[in-house]
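To start, the structure under review is shown below, and the notes come after it.
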Amino acid sequence: MSMTSLLAITPWPAVSAVILLALLVVALYLARRTAHQAIRAVTDALGRGLRLASHAVARGEERLAARNREVLLSAGREAKERIVEREFVRVGDSVRKDLANYPTLHRALSESIVRIEEDQEKAVEVPPEAPGWVQAVKVIANLDAKNGGTEILEDIHKSMIRAHSEAMDDYRKASGERHALLRKMMPDWRQIQETLGRVNKNVESVLERALAIDRHMQEYDDIVKGEDRAVSILSSSSLVYFFVSALVLSVAAAGAAINFTLIARPMAEMVGGTSFIGNFRTADIAALVIIMVEISMGLFLMESLRITRLFPVISALSDKMRRRMMFVTFVILLLMASIEAGLAYMREVLLQDELATSALLRGDGVAGTVNEHLWITTAAQMGMGFILPFALVFVAIPLETFIHSLRTVLGLIGIGIMRAVSLILRVFGNGMRHIGTLAERLYDLPLFVPLWIETRVAANQNQPPLPEEPRSPAWQEQEAQS
Amino acid sequence: MSRTTRYRRTAAWGLVLMLAACGQVNVPRNTGLYLLIDTSGTYNRQVSKAEQIILVALSKLQPSDSFAVARIDTASFTEKNIIAKATFDDRPSTANQQKRAFASRVEKFIDESAPAPFTDITGGLLQAIEFLKEKNPGHKEILIFSDMKEDLAKGYVRNIPLDLKGFDVVALNVTKLRSDNFDPREYMSRLDSWKTKVEKGGGHFRVINDIDRLDGLL
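Protein chains in written order, with our numbering: chain E, 7 to 488; chain X, 44 to 261.
Quick look at the structure:
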């Protein structure tokens with residue numbers, strides 16, 4: 007039924023419109039309660055669904071956060087264990103080295119002390135005293151001069167002077183010898199001082215290491231206890247490691263790209279320049295494979311050296327096997343680097359050949375001109391071809407850090423996204439309630455006349471108007487929860 | 044879906060992808076180029092310009108591409124008319140050597156070229172089609188360095204449909220004849236007739252008259 011036919015129910019369209027409007031208002035008024043219930047049911051259902059989804063996402067976020075925390079603590083624990091282990095190894099090495107030197111040290115000290123003791127004993131010896139003439143002189147002095155006491159005294163005097171002179175000589179000689187002995191002690195004293203200084207230095211170094219171990223053990227203890235501070239430190243460290251390792255990896259990727267450029271052209275000589283695998287040239291794929299093999303060898307070398315720990319199987323190998331693996335991977339890398347140097351040289355040769363052909367085809371005489379400094383670029387290319395594979399070995403270190411930190415960073419990003427989604431769902435869920443109320447009000451807007459009449463009638467009859475539809479218990483629960 | 048079924052399905056998909064990849068490997072990506080040089084009558088004086096085209100083509104061709112240069116004379120449907128032909132090696136260095144050798148052969152021909160009394164373009168085209176079909180390159184292109192005025196000797200039948208499906212035919216340096224100057228419609232109708240002939244055979248026809256601008260070539 008069209009609008010024109012509806013307006014034709016009376017001869018006057020305006021009257022028809024008024025009648026239709028009145029009928030519509032009456033119909034809406036009669037259906038008001040049911041319509042409000044329907045609006046509330048829809049908005050309640052939507053709001054409840056959204057809130058439920060928000061709770062689910064929030065729970066997921068909590069689980070992810072817990073998992074991320076576990077991962078972070080586990081990684082931190084492992085890293086600390088490694089650091090502490092290394093510190094212990096260093097202390098062990100230091101102690102072993104010092105203990106190995108200890109017998110020599112002890113012997114040197116003992117010998118020095120024995121020598122000093124001997125010299126000391128020798129230095130203690132004093133020269134014999136002058137003979138005891140005093141008693142004899144006293145007796146003779148009491149004798150009578152007639153009995154020749156004077157001559158005797160003179161003889162004694164002379165003898166005394168002589169004895170004194172001899173005693174003085176002996177004393178001087180003995181003193182000289184003692185001084186010589188004391189002088190001889192000086193190097194021994196110095197040696198003892200130096201030895202003890204060395205011992206002191208070693209002990210101090212061990213003490214410093216012990217302090218570092220104490221600090222690491224404290225941090226390790228915090229991690230094991232799962233303290234928030236430890237998690238916070240680990241989290242920020244992880245982010246820093248992630249960005250730093252990503253930066254270093256991008257530099258390494260640039261290096262690999264240069265390496266690729268160096269060997270892709272000459273590879274065409276080996277595998278053909280026009281064969282394709284999928285949409286990629288076989289020569290390009292071959293060059294890429296060589297670079298990937300080099301990086302893999304670098305990884306294995308780093309694993310064998312126990313610098314990185316990406317493959318537990320390699321770390322668990324016996325030392326003998328690891329040494330063999332180290333040797334094999336190094337030899338392969340050396341061969342690869344040599345091949346690359348050769349390919350880099352070949353590249354230059356091919357480039358010259360191509361330039362010569364192009365010049366010939368263009369018909370200019372540039373082909374005959376040879377740059378005398380060409381050897382510099384050739385040598386540089388060869389050098390780069392040889393060095394880059396070894397430089398790429400060190401990619402293993404940032405790669406390991408990147409992989410470990412990536413897990414945490416992805417977890418953090420996931421947590422952030424889930425938190426945002428949960429919030430948005432919650433906001434929409436709450437918004438649904440208000441939308442429901444708004445829809446009810448909008449429904450009532452054209453019904454203002456019957457509603458006003460209803461209010462007036464209710465007032466006249468002293469009866470309260472129809473109460474508002476009570477909210478569903480579910481809403482009340484959710485409000486209480488929020 | 045059981046685990047075995049899942050594995051089987053994955054394996055089947057893997058096989059399909061591998062086969063698809065292998066299929067792509069076998070698709071030829073090289074180019075086959077055949078240049079016909081008109082040596083008849085007065086056009087023989089233009090032959091030196093053809094060398095420029097050959098050198099440009101040589102510089103653009105890649106390893107594994109095929110290239111042949113043949114002359115158009117009284118009877119062009121013969122291998123004897125092929126001046127130089129080569130399928131360049133897969134290795135770039137060998138391909139460069141081949142290009143140099145090719146260029147020297149062409150140079151020798153240019154120096155020794157003698158004018159022919161008749162012009163058998165269709166015979167040359169048939170020879171080109173045969174050559175390129177045999178080589179089966181990914182992209183087939185025939186260059187005709189001629190005024191496109193066919194002049195057959197008595198007894199030569201050339202009213203043969205050309206199978207040019209997948210071919211690009213390029214007419215180069217189509218000079219105007221004295222009669223064209225009197226009635227340019229002759230020149231246009233000549234080109235139109237060749238275009239119709241080529242397109243009827245399933246090929247694509249175009250004209251490049253400015254040989255200093257051969258960027259569109261290959």
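We put the CB at the ideal spot given by N, CA and C, even for glycine.
Item	Value
8 Å Cβ cutoff met for Ala350 (chain E) and Met390 (chain E)	yes
Assigned exposure category for Met174 (chain E) - 16 Cβ within 10 Å defines buried	exposed
Identity of the residues DSSP links to Lys183 (chain X) by a beta bridge	X:Gly75, X:Phe210
Contact check, Ile115 (chain X) vs Asp163 (chain X), beta carbons under 8 Å	yes
Closest by C-alpha distance to Ile254 (chain X), when choosing among X:Val213, X:Leu205, X:Ala146	X:Val213
Span of the alpha helix (DSSP H) around His379 (chain E)	It is not in any alpha helix (DSSP H) - His379 (chain E) carries neither H nor E in the DSSP assignment.
DSSP bridge partner residues for Phe282 (chain E) (one or two, in chain order)	E:Arg287
Against chain E: residues of the stretch 129-143 of chain X by CB proximity under 7 Å	Asp133, Arg134, Pro135, Ser136, Asn139, Lys142, Arg143
At least three beta-carbon pairs within less than 8 Å, the stretch 427-434 of chain E to the stretch 329-337 of chain E	no
Members of the stretch 353-387 of chain E that neighbour chain X once the beta carbon cut-off is set at 9 Å	Val355, Leu356, Asp359, Glu360, Ala362, Thr363, Ser364, Leu366, Leu367, Arg368, Gly369
Ile251 (chain X), enclosing beta strand (DSSP E) - first and last residue	247-251
CB contact below 8 Å: Gly278 (chain E) versus chain X	yes
Assumed close pair Leu101 (chain X), Gly167 (chain X) - CB separation to whole angstroms, cut-off 8 Å	Going by Cβ atoms, the distance from Leu101 (chain X) to Gly167 (chain X) rounds to 20 Å, so no, they are not a contact pair.
CA-to-CA distance, Lys86 (chain E) to Arg328 (chain E), given in whole angstroms	24 Å
The stretch 88-118 of chain X: positions lying closer than 7 Å to chain E by Cβ	Leu98, Leu101, Ser102, Gln105, Pro106, Ser107
Nearest-angstrom Cα separation, counted from Trp195 (chain E) out to Thr201 (chain E)	10 Å
Straight-line gap, His112 (chain E) to Arg184 (chain E) (C-alpha atoms, nearest Å)	27 Å
Start and end residues, beta strand (DSSP E) containing Ala157 (chain X)	It is not in any beta strand (DSSP E) - Ala157 (chain X) carries neither H nor E in the DSSP assignment.
8 Å contact criterion, which Thr49 (chain E) and Arg439 (chain E) should meet: CB distance rounded	7 Å
Below-8 Å beta-carbon distance, Ala262 (chain E) vs any chain X residue	no
Member of E:Asn466, E:Ala465, E:Ala464, E:Ala445 whose CA lies at the smallest distance from the CA of Arg38 (chain E)	E:Ala445
Within chain E, partners of Arg72 (chain X) - CB distance below 8 Å	Thr280, Phe282
Residue-chain proximity (Ala127 (chain X), chain E), Cβ-Cβ < 8 Å	no
Residue environment, Val401 (chain E), which counts as buried when at least 16 other CB atoms sit within 10 Å	buried
When X:Lys240, X:Lys183, X:Ser119, X:Thr85 are compared against Leu169 (chain X), the one with the closest alpha-carbon	X:Ser119
Through-space distance from Asp104 (chain E) to Ile313 (chain E), alpha-carbon basis	26 Å
Under the three-state DSSP convention, the category Ala37 (chain E) falls into	coil
Contact with chain X by Ala293 (chain E), beta-carbon distance below 8 Å	no
For Phe396 (chain E) and Leu339 (chain E), believed in contact at Cβ under 8 Å, the rounded distance	7 Å
Residues, ordered as in the chain, of the stretch 142-169 of chain X that lie near chain E by beta-carbon distance below 8 Å	Lys142, Arg143, Ala146
Integer-rounded CB distance, given that Val77 (chain E) should sit under 8 Å from Thr414 (chain E)	6 Å
Proximal chain X residues relative to Glu275 (chain E), where beta-carbon distance stays under 8 Å	Arg134, Pro135, Ser136
Other residues of its chain near Met303 (chain E): CB distance less than 6 Å, five sequence neighbours each side excluded	Thr335, Ile338, Leu339
Inter-residue spacing [alpha-carbon to alpha-carbon] between Gly66 (chain X) and Asp228 (chain E)	Residue confidence for Gly66 (chain X) is low, a pLDDT of 47 falling below 50, so the modelled location carries little weight and cannot support an answer.
Inter-residue CB distance, Ala146 (chain X) and Leu356 (chain E) (contact presumed, cutoff 8 Å)	Not really, about 19 Å apart at Cβ, beyond 8 Å.
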